[in-house]
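>
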Amino acid sequence: MHPCITYSHSHHMQHRRHNMRTSMYSVLLLQLVLAGAIARRVVVVEALDVGYYAATCPDAAATVRQAMELQFYNDRTIAPAIIRMLFHDCFVRGCDASVMIVSTARRSSERVAIPNQTLRGFNIVNRVKKALESACPGAVSCADALALMARDSVVLLGGAAYDVPLGRRDGLQSNPWEVDLPAPFARLDDALGAFAARGFSAEETVVLFGGHTVGATRCSHFRYRLAHPDGTMDEALRRGMADACGLAGGDLPPDADPTAFLDPETPFAIDNACYGQMMGNRSLLQLDQEAATHPATAGHVAYYAASPDAFVRRFSEAMAKLAAVGVLEGDAGEVRKVCSAYNK
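With the UniProt record's numbering, letter number 98 in the sequence shown gets 98, and the count goes up by one each step, no holes.
1) Consult DSSP for PHE122 and reduce its assignment to one of helix, strand or coil.
2) Rounding to the nearest angstrom, what Cα-Cα distance links ARG282 and GLU329 in this structure?
3) Does ALA135 come out as helix, strand or coil in the three-state DSSP assignment?
4) If I measure Cβ to Cβ from ASP152 and keep anything under 7 Å in the same chain, skipping five residues before and after, which residues do I get?
5) Classify GLY51 as buried or exposed, calling it buried when 16 or more other Cβ atoms lie within 10 Å of its own Cβ.
6) Closer than 8 Å is the cut-off here; do at least three beta carbon pairs connect the region 187-207 with the region 312-323?
7) Roughly how many angstroms separate the alpha carbons of GLY211 and ALA236, rounded to a whole number?
8) Which runs of the beta strand (DSSP E) at least 3 residues long sit entirely within the region 193-249? Give them in chain order.
9) When you compare each of ALA60, VAL155, GLY333 to ALA269 by their alpha carbons, which one comes out closest?
10) Run through the DSSP bridge pairs and tell me what THR259 is partnered with.
11) Could you tell me if VAL70 is buried or exposed, where buried requires 16 or more neighbouring beta carbons within 10 angstroms of its beta carbon?
12) What would DSSP say about VAL338, mapped onto helix, strand or coil?
13) How would you call residue 345, buried or exposed, if buried means at least 16 neighbouring beta carbons within 10 angstroms?
14) Distance, Cα to Cα, PRO58 vs ASP163?
15) Rounded to a whole number of angstroms, what is the C-alpha to C-alpha distance between THR118 and LEU48?
16) Using three-state DSSP, classify VAL325 as helix, strand or coil.
17) According to DSSP, is ASP49 part of a helix, a strand, or is it coil?
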């Protein structure tokens with residue numbers, strides 16, 4: 001689940017090169033925390049309430065849903081982007097909207113960390129927050145808005161609807177040095193440890209890896225698998241990706257870093273296709289491919305490859321759990337007026 005991604009229709013967008021330590025997981029989902037982050041153990045809380053805004057902002061969920069639907073019908077890539085943003089936020093300091101803070105001349109934020117430089121969707125977050133502030137000033141936190149937006153994204157992509165308990169507060173810290181997310185080629189054992197530190201079992205981790213059923217990733221995240229084949233990638237896929245990523249010559253400029261859909265058949269549908277790809281050696285990301293054979297995860301991959309309905313249901317359950325990791329409540333933190341800046 002943490003796998004990470006850049007969402008774009010263009011397969012030839014140029015970006016400056018990031019080194020191999022860079023991690024970007026599509027969709028879902030999947031950038032994971034390293035050992036230092038694991039030490040900051042974060043757990044899921046139980047005190048959030050679906051009816052938290054019943055008195056103060058009863059139309060909050062409807063306001064968010066309307067904005068997400070409008071944006072999605074103009075640009076389907078926004079839904080995987082919002083799911084990815086939720087993951088990046090919740091796995092660093094918990095779900096407190098710290099990833100939304102923009103750096104100032106005196107204070108850097110998580111946004112400048114390399115894994116977060118390719119996050120998209122802040123504009124729609126700001127639009128949603130502005131609408132919420134207009135209807136209910138000072139009521140709905142940015143963290144709650146993002147949790148609702150992620151749920152709506154799952155539904156718009158064909159996933160199962162799920163309840164979002166509310167009452168999160170926005171954090172007062174956002175530090176780039178705390179964004180310690182391993183690359184998609186990290187060892188699966190490290191990924192499992194990162195998820196376990198946040199209360200996720202191996203089965204739940206595999207379910208969240210299913211977020212790679214939507215979105216895309218950059219060639220720089222799997223190019224080494226193309227240049228140095230180890231037998232774990234289908235050869236026809238390897239040759240096709242080598243051509244698409246410029247390893248076989250062509251007209252791509254030397255610094256190009258094209259994108260590729262993680263699930264080319266149904267890139268904007270939450271389904272179980274990615275598990276079949278894992279079992280058939282057709283995963284672009286090493287982390288996904290390893291999940292098909294690792295003793296702690298192989299059985300779960302096989303089960304969800306054969307159980308489409310079970311996956312759709314479990315993915316929504318896992319997303320609900322993700323959105324409750326390490327939240328601030330009560331008097332902790334604040335309710336920001338603008339998601340990109342702390343209150344004065």
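Positions of the beta carbon are idealized from the N, C-alpha and C atoms, including for glycine.
Short version:
1) helix
2) 43 Å
3) helix
4) VAL64, ARG65, MET68
5) exposed
6) yes
7) 24 Å
8) 216-218
9) VAL155
10) ARG218
11) At residue 70 the sequence reads Leu, which differs from the Val that was named. Answer is exposed; the Cβ neighbour count stays below 16.
12) strand
13) Residue 345 is absent from the model: the chain starts at 1 and stops at 344.
14) 15 Å
15) 30 Å
16) strand
17) strand
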